[in-house]
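Encoded as structure tokens, the structure appears first; notes follow it.
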Amino acid sequence: MPLLLPVTPENLAKAAATLREGGLVAFPTETVYGLGADAANDQAVARIFEAKGRPSFNPLISHVADIEAAERIAIFDGRARKLAQQFWPGPLTLVLPRRPEGRVSLLATAGLDTLAVRIPNHPAALELLRAFHGPVAAPSANPSGKLSPTRADHVVLGLGKKAQLVLDGGPCQVGLESTVLSLTQETPCLLRPGGISLEALKELLGPVEVAAEGGAIQSPGQMESHYAPHAKLRLNAIQVKSGEALLGFGPTAPVGCLNLSPAGDLIEAAAHLFAYLRELDQPGVDVIVVMPIPRHGLGLAINDRLRRAAADR
Ligand code: TXA
Ligand code: MG
1236 MPLLLPVTPE
1246 NLAKAAATLR
1256 EGGLVAFPTE
1266 TVYGLGADAA
1276 NDQAVARIFE
1286 AKGRPSFNPL
1296 ISHVADIEAA
1306 ERIAIFDGRA
1316 RKLAQQFWPG
1326 PLTLVLPRRP
1336 EGRVSLLATA
1346 GLDTLAVRIP
1356 NHPAALELLR
1366 AFHGPVAAPS
1376 ANPSGKLSPT
1386 RADHVVLGLG
1396 KKAQLVLDGG
1406 PCQVGLESTV
1416 LSLTQETPCL
1426 LRPGGISLEA
1436 LKELLGPVEV
1446 AAEGGAIQSP
1456 GQMESHYAPH
1466 AKLRLNAIQV
1476 KSGEALLGFG
1486 PTAPVGCLNL
1496 SPAGDLIEAA
1506 AHLFAYLREL
1516 DQPGVDVIVV
1526 MPIPRHGLGL
1536 AINDRLRRAA
1546 ADR
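Counting from 1 along the sequence shown, just add 1235 to a position and that's the residue number in the numbering used here.
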């Protein structure tokens, strides 16, 4: 069983230390419980996807304690500041341009140049974020495809031992995920309805587009929203020609090539995926050739992502 702990100063310190060590901590927010990891640690973020058993990589929300911390990882304009002032802390997630020098893992944003950020309105979440001193990537703390947890015991039931520690802050007040609003184009776009109403957003912003349910431009899992390399991708390959760059996997990969995981560890491979694709995607490289990746565990999500990138051409 994971440690189910009441919210005390000692347990908050323990939770922050667990995050620092790259572990997973489930914590309460006003919306639902989140499964948190150090957003700057690729491997820790990879563990989130593994724990949720997700067959694809969805970009994650970075949780921060204050607006200064948010501005260190994302680029705010006037609209974003106005929204933050009005609704933070609270159930509003802003999708903004990613600050290039920000330390958030590329895996946490699924390789995108945008980043989702929010300040949760829950004392335990805020204290944890302050104690940790950095952004915490956290999806809802449920296995993929299951209902979001609004009580600590839901988390334990759903995730079992996959979180090292679960902070019990009682039932969540909102009980519904945050509203996700993209400010990456001229007209703000509602990507997911949630705890802050569309009306409230329109009152402050004027016109707001609404992404079509389950599809449309930027919604979760759509390839348009993902990083696509300029080079073509050839998957499940073992031979490389000139003008091609090899992305290796496992102990049989040629020495000297960029290797997602020389040991064949899928968590390590997921942690490196987006960064290595970017590294290989240079002028002069026409094709990135990727060695076969096993189709189990995180390998499903890695293959899903590679397939999308290959199909985007
Ligand atoms: O209330 C909540 O938002 C909870 C608590 C824990 O904060 N978190 C949550 O996370 O619901 P998750 O991962 O289940 O949902 C995050 C949503 C997904 O729909 C994802 O596609 C979207 O935010 N998202 C994250 N980053 C994005 C980005 N850069 N562009 C577009 N959508 C993004
Ligand atoms: Mg969710």
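Yeah, the Cβ is synthetic: ideal placement off N, Cα and C, and Gly gets one too. Note that this is a predicted model, so its numbers are computed, not measured.
Run of the alpha helix (DSSP H) containing residue i, from where it starts to where it stops
| i | result |
| --- | --- |
| ARG1393 | It is Gly, not Arg, that sits at residue 1393 in the sequence shown. Unbroken alpha helix (DSSP H) run through GLY1393: 1387–1394. |
| GLY1313 | 1313–1322 |
| ILE1502 | 1501–1515 |
Which of helix, strand or coil DSSP assigns to residue i
| i | result |
| --- | --- |
| LYS1467 | strand |
| PRO1241 | strand |
| ASP1403 | strand |
| ARG1353 | strand |
| ASN1494 | strand |
| ALA1251 | helix |
| GLY1534 | helix |
| GLN1408 | coil |
| PRO1358 | helix |
| ILE1473 | coil |
Own chain partners of residue i with C-beta closer than 6 Å, once the 5 adjacent residues on each side are dropped
| i | result |
| --- | --- |
| ALA1305 | VAL1299, VAL1352 |
| LEU1341 | PHE1509, ALA1510 |
| THR1253 | VAL1260, GLN1399, LEU1400 |
| ALA1372 | ALA1272, ALA1274, VAL1280, LEU1295, SER1297, ALA1343 |
| VAL1520 | ALA1466, ALA1480 |
| GLY1410 | THR1385 |
| VAL1475 | LEU1481, VAL1524 |
Contacts around residue i, its chain only, beta-carbon distance under 8 Å, and the 5 residues preceding and following it disregarded
| i | result |
| --- | --- |
| ARG1542 | LEU1470 |
| ARG1255 | ASP1273, PHE1367 |
| ALA1248 | ALA1366 |
| ALA1488 | LEU1481, ASN1494, PRO1497, MET1526 |
| GLU1514 | LEU1493 |
According to DSSP, residues forming a beta bridge with residue i
| i | result |
| --- | --- |
| CYS1424 | SER1417, GLU1444 |
| VAL1479 | It should be noted that the sequence gives Glu, not Val, for residue 1479. VAL1522, per the DSSP bridge assignment. |
| ASP1273 | VAL1371 |
| HIS1298 | ARG1353, VAL1371 |
| ALA1545 | ALA1545 is not bridged to any residue. |
| ALA1309 | ARG1333 |
Endpoints, the beta strand (DSSP E) within which residue i is located
| i | result |
| --- | --- |
| PRO1332 | 1327–1332 |
| ALA1398 | That residue, ALA1398, is in no beta strand (DSSP E); it is neither H nor E in DSSP. |
| VAL1260 | 1260–1262 |
Any non-hydrogen atom of the ligand ATP closer than 7 Å to residue i Cβ
| i | result |
| --- | --- |
| PRO1374 | Judged by which ligands are present, the ligand ATP is missing from the structure shown, whose ligands are the ligand TXA and the ligand MG. |
Chain-order list of residues whose beta-carbon lies under 7 Å from that of residue i (same chain, five-residue window excluded)
| i | result |
| --- | --- |
| HIS1465 | ASP1516 |
| PRO1406 | THR1385, ARG1386 |
| VAL1390 | ALA1261, TYR1268, ALA1376, PRO1384, ALA1398, VAL1401 |
| PRO1378 | LYS1287, GLY1288, GLY1393, LEU1394 |
| ILE1310 | LEU1331, PRO1332, ARG1334 |
| ILE1502 | GLN1278, ALA1281, ARG1282, GLU1285, LEU1533 |
- Message: When you compare the stretch 1326–1338 with the stretch 1418–1437, are there three or more beta-carbon pairs, one atom per stretch, that lie closer than 8 Å?
- Response: Flag = yes, the stretch 1326–1338 and the stretch 1418–1437 touch.
- Task: Flag this pair as touching only if the stretch 1317–1329 and the stretch 1429–1436 have three or more C-beta atom pairs under 8 Å; answer yes or no.
- Result: With the cut-off at 8 Å, the stretch 1317–1329 and the stretch 1429–1436 touch.
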